[in-house]
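Protein chains in written order, with my numbering: chain A, 1 to 374; chain B, 1 to 374.
Dropping the structure here:
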């Protein structure tokens, strides 16, 4: 294997696959990145058994020059650090004596012990017959707007992922920890000929969203019973799926509400932020909301520390008033997912879910359960 | 107690004293900030028994209006969070029923449980007869250029601080963990009539350097046998001193060297940074340096990972060559303390300390011990 490559091109590829380098030392070869130089491209692969990332770099005149084909596994952490810290424009790679990797520039020479590609596990990155198409920017939005609501508790594995429920041209994305729910409903450009109801581990899809470039690209979703392969132009990202039946959450979202309020999002957010100063994570950061005509009062209190009260003017859709308590932390996280100017808070009843929506982001619904304080 | 204050003025004062709020719950009252409103100023005090910080805010027309004198202790964490998160320009403070603190703005009202000032420990912030004067920018430099070299190991307490050795108009500042030494020698503008040889805990003086404003101010050092009081215009900062005799390090710095090299600092730094990629903290990040005429070679190797070699052109003061090994981490930290373009590396011998100096920063000397590799 022998090639010369512009440092920044290699670094970009290494950075992408590095998210899948295993940090557990169970299978040492998985701490490596597989370099495959064949035909007119270099394929980099990393896998920790949970996710696999493969990135393809195509030969390009004056930027990536291939001299000899070949394959080798290089320790991921070191090759990434070398590519980061070299300051030269180009880097030379060469494998000698089968397993010695020489990485060199004008004044630097690294001589690393490689591992034979035969020791790398076979990873099946097959495609499915039916594909679902999604834009990469939309996928980033889904992750930003829903992932925070998934559960951290491993005793309900299915709630630690994001649910994708696909039927025809409708895709419903859900995340819930059973105290709140984030839901985004998307109309797909191209109808899916099969229906799917899958759960992707939250951590894995967050990692995918981080390595997507800022350019909007088409992503091909290849869904199997136990895994999903996201295919982009030069990137493959495969994740396991979480087994189990995702709860049906549609009945939580009522068609009619009791009363709703429209407010400036930032104002409402900062009022809750202040009122929750005296609350603690331990008691779920409970704050009390009360409307009285066009004035909303938010309160919280702690016997030890003291109490706080804030007022703000609001616009309601009718004359009904409400008194309800909820977790400030959950409400703030739900509000943050709307980057809109205004937000609508829908109340169904004092012991019914609170629904957050926005006229400027109709595909997104957030739900926060109230907390009984009496 | 009753006053109205511009939020940003109060916040600045609270931020400064907050570094001394106790986070251990041994003495609950020390988690509070003492507010003392007397005459024409508000004095804020916080102390964790190790350091005490006092900040004085003077009444100012239209910005800080005093209505009623008084004293109270308010829980530090909460009052700081309230001042941070309020968005109003002014905040009102009022104590009612002796111990209820009302913090309010137009739409917000916090009602906190205060603690009587009688419960606060008496802290003696006396001044000494003899004073040592130092500019605040110079103190920041001393901390930046020496503190990193102090020890983290509590079994040699005296090495966990910065040593100030003052005689006449000379002040020598030392920090060492016995593998390296940072020394800054300053000529004081005003001679001290007493000599001192004290050790200030590293953590404490780092905290002081963080709260010094960007303006250059004069600091008055009031030194006692067991404590030091730094006095600025509106700020008092008192720290305990570390007991024990600081080692005499002057004999480590020889008058004559065997050979020295002049190099661009950033180039040398980045070469060491790369050569140390394959080393580990466990084996002290050992790299080997070798000169051969005007070429310097840096090498490191690890049986498991591989080896690396870098070359760079250098200017030497004579034709002698050297071969020496040292900790890349320690050398890089020493280099970082010079923000000069060039740096001089002085060699005394293969098993003698390496001295780092710069023509553009003559008051600073860094020393790194070599590591025997044979």
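Positions of the beta carbon are idealized from the N, C-alpha and C atoms, including for glycine.
Everything numeric in this text was worked out from a predicted model, so none of it was measured.
{"Asked": "Chain B contact for residue 273 of chain A (CB, 9 Å cutoff)", "Found": "yes"}
{"Asked": "Residue 76 of chain B in three-state terms, based on DSSP", "Found": "helix"}
{"Asked": "Residue 109 of chain A - DSSP class collapsed to helix/strand/coil", "Found": "strand"}
{"Asked": "Counted within 10 angstroms of its Cβ, other Cβ atoms place residue 133 of chain A as buried (16 or more) or exposed", "Found": "exposed"}
{"Asked": "Limits of the alpha helix (DSSP H) - the one that residue 334 of chain B falls within", "Found": "328–336"}
{"Asked": "Interface flag, residue 112 of chain A vs chain B, CB-CB below 9 Å", "Found": "yes"}
{"Asked": "DSSP-derived helix/strand/coil call for residue 355 of chain B", "Found": "strand"}
{"Asked": "Assigned secondary structure, residue 7 of chain B (DSSP; H/G/I helix, E/B strand, else coil)", "Found": "helix"}
{"Asked": "Inter-residue Cα distance where the pair is residue 367 of chain B and residue 346 of chain B", "Found": "9 Å"}
{"Asked": "Residue 258 of chain A - DSSP class collapsed to helix/strand/coil", "Found": "coil"}
{"Asked": "Whole-Å CB distance - residue 197 of chain B paired with residue 183 of chain B, under 8 Å assumed", "Found": "Actually they do not touch by this definition, with Cβ atoms about 14 Å apart."}
{"Asked": "Cβ pair residue 79 of chain A, residue 365 of chain A closer than 9 Å", "Found": "no"}
{"Asked": "Touching by the beta-carbon criterion (3+ pairs, under 8 Å), the stretch 133–153 of chain A and the stretch 94–107 of chain A", "Found": "no"}
{"Asked": "C-beta neighbour in chain A for residue 92 of chain B, strict 9 Å", "Found": "no"}
{"Asked": "Residues from the stretch 67–93 of chain B in contact with chain A, defined by Cβ distance under 8 Å", "Found": "75, 78, 81, 82, 85, 86 and 87"}
{"Asked": "Spatial neighbours of residue 337 of chain B in its chain, beta-carbon cut-off 8 Å, leaving aside the 5 residues before and after", "Found": "144, 145, 146, 148, 182, 364 and 366"}
{"Asked": "Start and end residues, alpha helix (DSSP H) containing residue 268 of chain A", "Found": "265–275"}
{"Asked": "Best match in B:45, B:306 and B:313 for proximity to residue 263 of chain B [C-alpha to C-alpha]", "Found": "B:313"}
{"Asked": "DSSP state of residue 100 of chain B mapped onto helix, strand, coil", "Found": "strand"}
{"Asked": "Residue 37 of chain A in three-state terms, based on DSSP", "Found": "strand"}
{"Asked": "Contacts that residue 305 of chain B makes with chain A (C-beta to C-beta distance below 9 Å)", "Found": "75, 78, 112 and 113"}
{"Asked": "Residues of its chain near residue 152 of chain A, where Cβ-Cβ distance is below 8 Å and the 5 sequence neighbours each way are ignored", "Found": "160 and 177"}
{"Asked": "CB contact check: residue 382 of chain A to chain B, cutoff 9 Å", "Found": "No answer is possible for residue 382 of chain A: the residues shown for chain A start at 1 and end at 374."}
{"Asked": "For residue 31 of chain A, the three-state DSSP class (helix, strand or coil)", "Found": "helix"}
{"Asked": "Contact set between residue 27 of chain A and chain B, taken where Cβ atoms lie within less than 7 Å", "Found": "Those within 7 Å of residue 27 of chain A in chain B number zero; the least Cβ separation is about 16 Å."}
{"Asked": "Buried versus exposed, by CB contacts within 10 Å (16 or more), residue 52 of chain B", "Found": "buried"}
{"Asked": "DSSP beta-bridge partners of residue 342 of chain B", "Found": "B:264"}
{"Asked": "Host alpha helix (DSSP H) of residue 138 of chain A (start-end)", "Found": "136–146"}
{"Asked": "Cα-Cα separation, residue 231 of chain A to residue 24 of chain B", "Found": "52 Å"}
{"Asked": "Where the beta strand (DSSP E) through residue 251 of chain A begins and ends", "Found": "Careful: residue 251 of chain A lies outside any beta strand (DSSP E) and carries neither H nor E."}
{"Asked": "Residue 295 of chain A, buried or exposed, once every other Cβ within 10 Å from all chains shown has been counted against 16", "Found": "exposed"}
{"Asked": "Distance, residue 48 of chain B Cα to residue 18 of chain B Cα", "Found": "10 Å"}
{"Asked": "Chain A residues whose Cβ lies nearer than 7 Å to that of residue 311 of chain B", "Found": "107"}
{"Asked": "Integer Cβ distance of residue 238 of chain A from residue 125 of chain A, believed to fall under 8 Å", "Found": "6 Å"}
{"Asked": "Validate contact between the stretch 206–217 of chain A and the stretch 33–41 of chain A using beta carbons, cut 8 Å, 3 pairs", "Found": "no"}
{"Asked": "Under 8 Å from the C-beta of residue 308 of chain A: neighbouring residues of chain B", "Found": "108, 109, 110 and 111"}
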